[in-house]
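Participant:
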Amino acid sequence: MSKGFANNRLTLLALGVIACFMGVGVRLVFLQVVDRESLLQFVDKARRQIVVEHARRGTILDIHGNLLATSRSELTLAVDPWMLVDYLAEEKNEARRSKKRLDQAAKRAEFAALLDIPTAELEKIFEPKMRPIALDKDRKDGTPDGLVKDRWVKLREGVDEPTFEKIQKLNVQGLTFERVYRRVYPSGGLASHVIGYLNKEGTPVAGAERHMDLYLKGQDGWIESEKDGARRELAQFRSREVPVRDGNDVVLTIDSVVQHIIEDELKTIAAKFNPHFATIIASDPQTGAILGMANYPSFDLNNFGKASPESLKNAALEYLIEPGSTFKIVAAGAALDQGLVTPATMFDCGITSINYRGRDLKLPKEDHPFEQLSVAEIVSHSSNRGAAQLAMLMGEEKYYEYVRKYGFGRRSDLALGVEERGILEPPKNWDSLTITRMPMGHAVAATPLQVHMAMSAVANSGTLLRPHIFKEIRDTEGNVIRSFDPEKREQVLKPSTAALLAQLLHGVVVDGTAKGFDIAGFDIAGKTGTAQKIIDGKYSNSRYVASFVGFFPASRPQVVLSVIVDDAQLPKGEMASGRNVSAPSFHHIAEQLIQYFEIKPVTPVSRNLLAMQGGAL
Amino acid sequence: MRPPPAHAFVSQLIALTLLLLIFSGSLGLGAVWVRQEISGSANRSHGIENKIAEVERRLDEVNAEVATALNPSELLRQNQVMMLGLSSPRELQIQRVNELPELRLAKKRNGGIFNLSTDRIGAENASGNNSYSFKIITASLH
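These protein sequences, in sequence, are chains A and B. Our numbering puts the first residue of the first sequence at 1, with every later residue one more than the last. Our numbering puts the first residue of the second sequence at 1, with every later residue one more than the last.
Structural data, given as structure tokens:
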């Protein structure tokens with residue numbers, strides 16, 4: 001072989017290699033520059049995906065960290081019957097294909113057993129079907145016949161994780177799933193009106209769920225990445241990522257045990273008296289923290305869809321009642337605070353009318369005939385005429401000022417959303433009898449919470465606090481990011497007046513309208529209330545709002561408790577009074593709370609003292 | 001000076017081309033290897049993320065179950081089902097201890113060790129003189 005020939009061959013080879021490179025280079029230029037946009041569009045469409053990561057909603061906890069509301073992941077199962085067809089079609093060997101088919105059928109039978117549905121029903125779902133589609137959109141399967149493969153048949157919602165784990169182990173072909181978070185309330189109906197709930201769409205509807213939604217909901221994250229042919233994410237092609245931020249946890253001031261005690265008592269009240277509604281509220285007088293708030297009727301948070309509209313209402317905030325005699329703490333407290341009277345000041349409560357600013361005013365009726373009563377007796381025996389005279393000593397303006405200070409006629413601002421303001425007209429709108437009727441709790445309407453907070457002001461050295469139900473907000477790491485401190489609203493009474501009034505209220509259970517409902521050693525202070533209901537514009541003589549609102553121990557109050565029962569049904573001849581209906585429940589709850597909070601007796605408890613007080617314990 | 005022969009130039013060109021091919025091939029293989037590693041790491045971290053999410057899900061599940069089991073209604077129901085007869089104490093059943101329980105227990109124990117009658121300790125307490133008991137406790141602690 002000559003040297004020239006070899007050189008020519010090498011030159012040709014080199015030129016060939018260079019030409020190949022140039023060819024590849026030219027193609028690359030076309031791919032990367034000339035057709036770049038159209039190709040990128042195609043690739044983006046086929047491969048790029050944005051995966052939204054849903055934030056986990058925060059939990060709601062009671063004051064001791066017990067779970068009241070949490071989010072649990074659940075799965076929605078669906079079937080793509082065509083996936084099974086494709087899976088079997090991949091196997092070319094007939095024998096192996098039929099083995100696979102039988103194998104899958106056996107798995108589906110197990111799957112049906114796990115879901116507790118008949119196998120035949122499941123097999124029907126797994127049958128491949130076509131569904132109609134608009135002709136102009138029918139480009140998916142190549143034949144524009146107005147039919148397309150039905151690749152998503154919903155099978156079951158709300159499958160829990162342990163069941164799903166078993167299902168996944170079966171490796172059933174054609175099964176698809178979507179994971180969703182569902183709100184669950186481990187305590188069922190406990191504190192349902194306080195906690196609130198999320199509707200089927202996940203929208204918070206009421207209670208803490210709604211009011212604290214901003215903190216609870218968190219922020220969804222998303223990932224921009226690519227997917228492979230099987231629609232699995234190719235993690236290496238993640239280009240942008242916004243991390244998910246789970247919701248914060250909300251800690252309530254509610255104590256599950258207290259809540260349970262009062263709800264249990266409400267069940268007893270409901271069974272015994274079948275009332276229209278009933279409310280029990282327990283709170284800490286020093287902080288205004290609500291320890292328990294329950295209503296009858298109530299509902300199960302996990303089955304809110306079955307609840308009646310009435311039972312969804314938080315009666316403590318949304319229903320208005322005439323406070324009745326519990327309102328007498330306003331007139332008594334104000335008159336004592338003004339220094340117009342002392343506990344020993346006497347009033348003639350036997351008179352039927354009184355001259356007030358030049359006019360003879362008819363005084364309200366009494367439940368029992370009274371003669372001369374001291375202020376202490378007016379409170380303990382709940383004299384309507386006595387309370388009217390106390391208010392008249394002050395005059396309309398001053399009395400109204402105190403009523404407002406006690407928190408009536410304005411929202412208590414408990415951060416739970418819906419709340420009624422109550423009805424309290426200014427003195428210019430009063431008729432001549434209002435000054436005689438309002439002190440006994442008529443001509444004014446308030447929510448059970450307003451009545452409760454008014455008593456709480458007496459228990460808290462005369463200071464009215466804003467009630468609060470939220471203790472703090474915690475982030476996902478458990479760090480406190482916001483806490484809610486007590487908020488003073490008004491100095492209603494001087495501390496000395498409040499202490500004096502507390503002692504007068506203790507008289508109610510010693511020798512007053514709730515005699516016998518004291519707890520030996522713990523000095524219950526409280527006030528009964530029996531307000532006639534207004535039926536067809538008139539005060540009814542057979543239907544009442546019975547209440548007992550009080551606190552204990554009187555000298556160093558630790559718990560304020562209200563039991564309000566609307567329209568209790570008693571056997572004929574018995575009056576649904578505060579004493580008959582509410583005081584026994586108050587007493588029963590107080591006994592349990594004393595044990596639970598380890599409240600020490602104010603006076604040593606001896607068997608003799610118990611015997612003297614009728615062996616109440 | 002004579003120009004280099006043509007075949008020498010061609011040989012150099014071929015050698016350089018081959019070198020270039022080997023170099024670019026190595027670069028390509030390196031890039032592929034790096035990509036594989038990135039892909040592997042990304043998938044591993046993706047897998048770990050999924051596992052963490054799964055553990056969190058299970059944790060939520062367990063927490064919800066624990067909360068359900070611990071709610072007061074359920075505990076009371078269990079109390080009835082298991083016939084435990086548990087109930088909260090009544091005031092009459094409670095003996096309130098105002099002194100430190102540790103000291104009280106220490107006194108009780110040491111009284112036995114040093115043959116001190118409980119009457120003597122009781123009398124001492126009643127008189128408000130705790131020094132003797134204190135000595136005993138101190139001795140015991142030493």
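Where a beta carbon is used, it is the ideal one built from N, C-alpha and C, also for glycine.
1. Could you please tell me which residues of the region 59-92 of chain A, in chain order, have their CB closer than 9 Å to any CB of chain B?
2. Counting only runs of 4+ residues fully inside the region 436-497 of chain A, write out the alpha helix (DSSP H) ranges in chain order.
3. When DSSP builds the beta bridges, which residues end up paired with L67 of chain A?
4. Would you check if the region 467-487 of chain A and the region 537-547 of chain A touch, i.e. whether three or more CB-CB distances between them fall below 8 Å?
5. With a threshold of 9 Å between beta carbons, is S311 of chain A in contact with chain B?
6. Does DSSP put N295 of chain A in a helix, in a strand, or in coil?
7. Mind checking if R90 of chain B is an interface residue toward chain A, Cβ cutoff 9 Å exclusive?
8. Go through the region 189-220 of chain A residue by residue and report every complete run of the alpha helix (DSSP H) that reaches 4 residues or more, in order.
9. Pop quiz: S71 of chain A and Y181 of chain A are said to be a contact at Cβ under 8 Å. What is the actual Cβ separation, rounded to whole angstroms?
10. Could you check whether the Cβ of P72 of chain B sits closer than 9 Å to any Cβ belonging to chain A?
11. Between the region 555-574 of chain A and the region 344-356 of chain A, do three or more beta carbon pairs fall short of 8 Å?
12. Judging by CA-CA distance, which residue of A:G305, A:G441, A:I423, A:V403 is the nearest neighbour of S382 of chain A?
13. Between the Cα of Y215 of chain A and the Cα atoms of A:V194, A:S187, A:F237, A:V250, which residue gives the shortest distance?
14. Going by beta-carbon coordinates alone, are V602 of chain A and D485 of chain A separated by less than 9 Å?
15. Quick one: residues in its chain with C-beta nearer than 6 Å to the C-beta of P186 of chain A, no 5 flanking neighbours on either side, listed in chain order?
16. Using a Cβ-Cβ distance cut-off of 9 Å, determine whether S256 of chain A contacts chain B.
17. I423 of chain A and A445 of chain A look like a contact to me (Cβ under 8 Å); what is the Cβ gap, rounded to whole Å?
18. Cutting at 6 Å between CB atoms, please list the residues of its own chain near G58 of chain A, excluding the five before and the five after it.
19. Could you give the first and the last residue of the continuous alpha helix (DSSP H) run that contains E157 of chain A?
20. Counting only C-beta atoms, is N7 of chain A closer than 9 Å to chain B at any point?
21. Have a look at A:A106, A:S192, A:E157 and flag the residue whose alpha-carbon is nearest the alpha-carbon of Q173 of chain A.
22. Could you check which residue in A:P495, A:I321, A:P439, A:F552 has the C-alpha nearest to that of E591 of chain A?
23. Going residue by residue through the region 296-351 of chain A, where are the continuous beta strand (DSSP E) segments of at least 3 residues, counting only ones entirely within it?
24. Suppose contacts are defined by Cβ-Cβ distances below 9 Å. Is I351 of chain A in contact with L363 of chain A by that definition?
25. Interface residues of chain B around H260 of chain A at Cβ under 7 Å?
26. With distances taken between CB atoms, is the gap from V559 of chain A to V549 of chain A smaller than 9 Å?
27. Could you give the distance in angstroms between the alpha-carbon of F597 of chain A and the alpha-carbon of R96 of chain B?
28. Using three-state DSSP, classify T287 of chain A as helix, strand or coil.
29. Using CA atoms only, rank isn't needed, just tell me which of A:A454, A:A113, A:N8 is closest to L465 of chain A.
30. Quick one, which residues of the region 13-42 of chain B are near chain A if we go by CB-CB under 7 Å, in chain order?
31. Output needed for A270 of chain A: all residues of its chain with C-beta closer than 8 Å, excluding positions within five of it in sequence on either side, in chain order.
32. Using beta-carbon positions only, say whether A316 of chain A and T447 of chain A come within less than 9 Å of one another.
33. CA-CA distance, S24 of chain B and I50 of chain A?
34. Alpha carbon to alpha carbon, how far is V563 of chain A from I378 of chain A?
35. Chain B partners of A14 of chain A, CB-CB under 7 Å?
36. Which chain B residues sit within Cβ distance under 9 Å of L190 of chain A?
Facilitator: Taking the coordinates as given:
1. T59, N66, L67, L68, T70, S71, R72, S73
2. 448-459
3. A:L61
4. no
5. no
6. strand
7. yes
8. 192-195, 207-211, 213-216
9. 4 Å
10. yes
11. no
12. A:G441
13. A:V250
14. no
15. L67
16. yes
17. 4 Å
18. L216, G247, N248, D249
19. Run containing E157 of chain A: none in the alpha helix (DSSP H); it sits in the beta strand (DSSP E), 153-159.
20. yes
21. A:A106
22. A:F552
23. 346-348
24. yes
25. P72, S73
26. no
27. 14 Å
28. coil
29. A:A454
30. L13, I14, T17, I38, S39, A42
31. A278, Y296, P297
32. yes
33. 35 Å
34. 22 Å
35. V10, L13, I14, T17
36. N71, P72, S73
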